[in-house]
Amino acid sequence: MRRARVVVVGAGVVGLSSAVCVAEALPFCSVTLLAEKFSPHTTSDGAAGILFPAEFPGTRNLFKLFLKTIILHPLFFLLFSSWQIFKDASADKKPFWSELVIGFRFMTDSELKRFPDHKFGQAFTTIKCECSSYLPWLEKRFRRAGGQVEQRKANSLQELSNSYDVIVNCSGLGSKLLVGDNELHPIRGQVLKVEAPWLHHFIKDADRKTYIYPGMHCVTIGGTRQEGDWRLEVDEGDTKSILERFERAGGLCSYGLWVR
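Throughout the sequence shown, residue numbering follows the UniProt record's numbering, covering 1 to 260 in sequence.
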């Protein structure tokens, strides 16, 4: 009997995780991971990897699973303490996810003094994934499970249906082309990677544009959220804006950074 042929399209963290699950759960299938770009050239590689619980079914169980994963894979998953700061004191003071993260509390007046433009803050501990290390490890695990890797661009899922019995679409924004999903649009993010080994917790402005995310190898500071922008090139104007916001953020500039 011919082995069922499965292809997973996309080699970001979702694609690689899916490919590993399929290959390990269905060893009697032939599983191929197909992507135009692999680590370190994926969107996942640039992501800070901070886990903020989302409001959808299964979130509580998923967060508990990630906490267990930290024990098994401490090189890829870390716990980081954090501050999330708000300019508006009327913000949602105790969100639904406060029961999922570790040690949720309100920031003290003493802590908030470091951020004179902000009126309220939340402190908690959450999970960070080191994608730059995690993605290559996932690919090795996939290959050990008998998976095959093919690097090329797929122009449509229809063309793949001639060669595979099952198609798992993990192409992210690529689905705009692959399946003609015109509801998809890009949100361009630009960050800076800097050296600041003395930083051990992250700081995030509730505007979702200004943040510091420490990691094992570097610190990510940002950022931008530019809807409808497809550019992949570094924008020097955005770099300048990120640094200016960093300097204006009161308590942030006191940390000091070595920009790479």
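Just so it is clear, CB atoms sit at the ideal spot from N, CA and C, and this is done for glycine as well.
Keep in mind that this is a model prediction, so the values were computed, not measured.
Under the three-state reduction of DSSP, Q158 is assigned to helix. For the pair C129 and T220, the Cα-to-Cα distance works out to about 13 Å. Relative to R231, the option among L16, T43, H201 whose CA is nearest is T43. By a beta-carbon distance limit of 8 Å, V149 contacts L33. Their separation comes to about 5 Å. Distances from the alpha-carbon of G15 to those of L62, K113, V168 put V168 closest.
When the beta-carbon positions are compared, R245 and K193 stay at least 9 Å from each other. For Y211, DSSP records a beta bridge to K204, G222.
Taking a C-beta distance under 9 Å as the contact criterion, V191 and G222 qualify as a contact pair.
No Cβ-Cβ contact shorter than 9 Å links M216 with S82.
The beta carbon of A23 is closer than 7 Å to those of V31, F142, A145, G146, G147 in its chain, skipping five residues each way along the sequence. Contact check for F202 and P214: beta-carbon distance about 6 Å, within the 8 Å limit, so the pair qualifies.
F38 places its beta carbon less than 9 Å from that of L135. A straight-line Cα-Cα distance of about 23 Å links K93 and N61. Contact check for F66 against F77 passes: the beta carbons are separated by less than 9 Å.
In terms of CA proximity to D109, K119 leads the group V101, L100, K119. Exposed is the label assigned to T125, since fewer than 16 other Cβ atoms lie within 10 Å of its Cβ. In the structure shown, E233 adopts coil according to DSSP, grouped into three states. About 6 Å separates the Cβ atoms of A154 and V9, confirming a contact at the 8 Å cut-off. Sequence-distant Cβ neighbours of I102 in its own chain, meaning closer than 6 Å and more than five residues away, are T125. Considering only L72, P40, L79, the residue with the shortest C-alpha distance to I50 is L79. Judged by their CB atoms, E236 and R188 are not nearer to each other than the 9 Å cut-off.
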